[in-house]
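This report concerns only the one structure given below.
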Amino acid sequence: HLHLEEFISRIMEAEPPEIYLMEDMKKPFTEASMMMSLTNLADKELVLMISWAKKIPGFLELSLADQIHLLKCCWLEILMLGLMWRSVDHPGKLIFSPDFKLNREEGQCVEGIMEIFDMLLAATSRFRELKLRREEYVCLKAMILLNSSEYLCTSSPQTAEELESRNKMLRLLDSVIDALVWAISKLGLTTQQQTLRLGHLTMLLSHIRHMSNKGMDHLSTMKRKNVVLVYDLLLEMLDANT
Amino acid sequence: TSLKEKHKILHQLLQNSTSPVDLA
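Residue numbers (our numbering), protein chains in the order written: chain X, 75 to 316; chain H, 65 to 88.
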C-alpha cells in the first residue's frame, strides 16, 4: 500500500552495492580462466541478489516456497540486466565489474559465448537508444523477479496458503507495473509516447529471457564438459534449472 | 524439507538475517 514514489525509492535503496571480482587477471584469457572469472563473479552477485530481493517491499510476505521458486527462475535474467545497466554507457564493452570488463572479441576464447556476448551488446545498445533511466531499470528488474512463466502460466495453487501467496505476488507485480508507469510519466513525454515507451521497455524483457535461456544452456554445457567447476550457490541455482 | 534440501544455500540466505556481504 505504499505510495508509488515511496515504493520506487524503496526498490532504489534495495540496489546491491558495486561488486569487484578481485582477481589477478592473466591476459590473454583461456576458456577455463574466463569461465572461472565469470562464474566466481556470478556466485558473489547471487548472494547480493538474494539480499536485494528481500528488500523488495512485499517479497518476504510471499511463502518461502514462492520466494525460492521466483529466484531460481530469474537469477540469470537479473544478472544479465544488471550487466547491461553497468555497460549502457560503454558501447562495445560488457562491464561485468569495474575490474572485469570485456569486449566481444575476448569472448572468442570460450566456445559459444560470443553469440551470447553479441546478444547482450545488442540489447544494451537498445537500452542506450531508449536512454533507460535508473528508476525504470529498478522496476524492470523487480518485474523480472516476479514474472516467472512457470509460476504465472503453468501452476495453479493447491492450498489456501499457496493461493494467498500467489495473490500477494500478483498485487506486488501490480505495484511494480504502476511504479514503472509512474517513472515513465515523470519524463515529460506525451501520453502516446509514454505508452510506446512502456511497450518498448517491457518487450525487451522477452529478449532478456531468451538470453538467459541461452546462457543457462551454455553454462550447463561448460559444466558438463568440465571446463569450469561450478560450486556453491551458483551450482544450486544452475541445478534448479537443468 | 525437500525444498530445504534442494536449495540449501538459497533457503539459508533467505532465512538468514546475517549481512550477505559477510557471507559473500
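Heads up, the beta-carbon is just placed ideally off N, CA and C, and yes, glycines get one too. The model shown is predicted, which means the values in this text are computed figures rather than measured ones.
Report buried or exposed for residue i, applying the criterion of at least 16 other Cβ atoms within 10 angstroms of its Cβ.
| i | result |
| --- | --- |
| Asn241(X) | exposed |
| Leu111(X) | With the sequence shown as reference, residue 111(X) is identified as Ser, and Leu is not the correct amino acid for it. The residue is buried, with at least 16 neighbouring Cβ atoms inside 10 Å. |
| Thr113(X) | buried |
| Met296(X) | buried |
| Ala234(X) | exposed |
| Thr198(X) | buried |
| Gly132(X) | buried |
| Leu237(X) | exposed |
| Leu30(X) | Look at the range of chain X in this structure, 75 to 316, and you will see that residue 30(X) is not part of it. |
Using 8 Å as the threshold, is the C-beta distance between residue i and residue j below it?
| i | j | result |
| --- | --- | --- |
| Ile85(X) | Val212(X) | yes |
| Ser239(X) | Leu144(X) | no |
| Phe174(X) | Gly181(X) | no |
| Ile130(X) | Ala196(X) | no |
| Leu115(X) | Ser171(X) | yes |
| Glu203(X) | Leu153(X) | no |
| Ile93(X) | Leu122(X) | yes |
| Met277(X) | Lys146(X) | no |
| Leu150(X) | Leu157(X) | no |
| Arg330(X) | Ala257(X) | Residue 330(X) is absent from the model: chain X starts at 75 and stops at 316. |
| Asp140(X) | Asp306(X) | no |
| Leu78(H) | Ile251(X) | no |
Whole angstroms is fine: what's the gap from residue i's alpha carbon to residue j's?
| i | j | result |
| --- | --- | --- |
| Met135(X) | Met217(X) | Per the sequence presented here, residue 135(X) reads as Glu, with Met not at that position. Spanning the two alpha carbons is a distance of roughly 17 Å. |
| Glu210(X) | Trp159(X) | 11 Å |
| Arg178(X) | Met109(X) | 15 Å |
| Leu303(X) | Ile73(H) | 17 Å |
| Gln266(X) | Arg245(X) | 26 Å |
| Glu319(X) | Leu272(X) | Examination of residue 319(X) is not possible in this model, given that chain X is present from 75 through 316 alone. |
| Asn315(X) | His274(X) | 28 Å |
| Leu138(X) | Ser249(X) | 20 Å |
| Gly262(X) | Pro90(X) | 29 Å |
| Lys128(X) | Met99(X) | 33 Å |
| Lys260(X) | Glu189(X) | 36 Å |
| Cys148(X) | Leu247(X) | 15 Å |
| His292(X) | Lys299(X) | 11 Å |
| Lys70(H) | Leu309(X) | 11 Å |
| Leu219(X) | Ala253(X) | 15 Å |
| Glu97(X) | Ile82(X) | 34 Å |
| Gln232(X) | Ile187(X) | 41 Å |
| Leu279(X) | Lys205(X) | 16 Å |
| Leu155(X) | Ser66(H) | 31 Å |
Ignore the nearest five residues each way along the sequence and tell me which others in residue i's own chain have a CB closer than 8 Å to its CB.
| i | result |
| --- | --- |
| Met193(X) | His281, His284, Met285, Lys288 |
To which residues of the same chain is residue i closer than 6 Å at the C-beta, ignoring the five residues directly before and after it?
| i | result |
| --- | --- |
| Asp86(H) | Residue placement at Asp86(H) cannot be trusted, given a pLDDT of 49 that sits under 50; what the coordinates show is reported in the next sentence. No residues qualify anywhere along the chain. |
| Glu105(X) | Cys183, Val184, Val301 |
| Thr176(X) | Checking the displayed sequence, the identity of residue 176(X) turns out to be Leu instead of Thr. Excluding positions up to five away in sequence, the list reads Leu168. |
Would the C-beta of residue i count as close to the ligand MN, meaning under 7 Å from any of its heavy atoms?
| i | result |
| --- | --- |
| Met188(X) | This structure does not include the ligand MN; it has no bound ligands of any sort. |
For residue i, I'd like the list of residues in its chain whose CB is within less than 7 Å of its CB, leaving aside the five on either flank, ordered along the chain.
| i | result |
| --- | --- |
| Lys68(H) | His75 |
Handout entry: Where the stretch 146-171 of chain X meets chain H: residues whose CB sits under 8 Å from a CB there
Key = Lys146
Exercise for the section: Residues of the stretch 197-226 of chain X with a CB closer than 8 Å to any CB of chain H: list them in chain order, please. Expected result: none
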